[in-house]
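**Student:** I am attaching a structure below and will ask some questions about it afterwards.
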Ligand code: ADP
């Protein structure tokens, strides 16, 4: 911290060095704070489901409890245990990304086939909420990326679109294939995101409505993982949203690997 107080004594090289060191110290302090905040969030997020599990397990063990009540508590325990495993999986995913130990194996992917596969995979969840998932993608649409990671990116965005949309609404995937870049748009007519929250939604653990997203099983890590994976593909992601009208995520990736002829 002494570096922050380092005075700029002169306008020569020494003075410049003092300024650089000051800036470096500021960056390091910022990183330290970010790391501490992240660790605090992790322990909070892990502790909450554990508190529920322990509390409801204790009640369920009481002698005078009715069968029906007990079943209700056991369901909560299972739900919270599921939340814990999702959280741990997401944290592992982020740790791998942070350590750069995850591999992106790029190849040409048929985007149409990938989207149809996802549509089938996700259809039970969409059916349950009576949400219509339509895919608007040229059959020959191709993209340079890692198939499993690309599926993970689009799955997460579709899962959010479904979670944050009311029953009986519509979710649409629109692909625009250009020579150099391919754009994937995921659009819903759901809750939308307030303007003041938009700059933060890719931050780790950020959730717009903590209690609502909690009941939907969210961890607040999904979009930060999506953003890291998009960046690992040298792609871009942006969001447009209007409260109570809907949300659109716009992804853009290189159409081909290497040089385009
Ligand atoms: P979560 O696990 O809570 O869904 P995410 O990182 O995936 O976490 O998303 C962060 C927050 O952004 C969510 O909690 C939600 O409030 C908001 N959000 C994400 N996608 C949508 C969407 N399609 N419509 C409305 N809100 C969304």
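Residue numbers (UniProt numbering): 201 to 461.
C-beta atoms are modelled at their ideal positions from N, C-alpha and C, and glycine is treated no differently.
(1) To the nearest angstrom, how far is it from the Cα of residue 438 to the Cα of residue 448?
(2) For residue 408, write down the residues that DSSP places opposite it in a beta bridge.
(3) Count the other C-beta atoms from every protein chain shown that fall within 10 angstroms of the C-beta of residue 273, then say buried if there are 16 or more, exposed otherwise.
(4) Just to confirm, is the Cβ distance from residue 454 to residue 428 under 8 angstroms?
(5) Measuring CA to CA, which of 405, 425, 418, 444 is closest to residue 239?
(6) Decide yes or no for the touch test of the segment 383-391 against the segment 247-265: beta carbon pairs closer than 8 angstroms, at least 3 of them.
(7) For the 8 angstroms Cβ check, are there 3 or more pairs between the segment 356-369 and the segment 324-336?
(8) With 16 as the cutoff for other CB atoms within 10 Å, does residue 244 come out buried or exposed?
(9) For the ligand ADP, is there a heavy atom less than 7 angstroms away from the beta-carbon of residue 332?
(10) What does residue 345 pair with, by DSSP beta-bridge criteria?
(11) Under the rule that 16 or more other beta-carbon atoms within 10 Å means buried, what is residue 441, buried or exposed?
(12) For residue 241, tell me which candidate among 445, 407, 374 has the shortest Cα-Cα distance.
**Tutor:** The relevant details are as follows:
(1) 8 angstroms
(2) The partner list for residue 408 (beta bridge, DSSP) is empty, contrary to what the question assumes.
(3) buried
(4) no
(5) With distances taken between Cα atoms, residue 239 lies closest to 405.
(6) no
(7) yes
(8) exposed
(9) no
(10) 307
(11) buried
(12) 407
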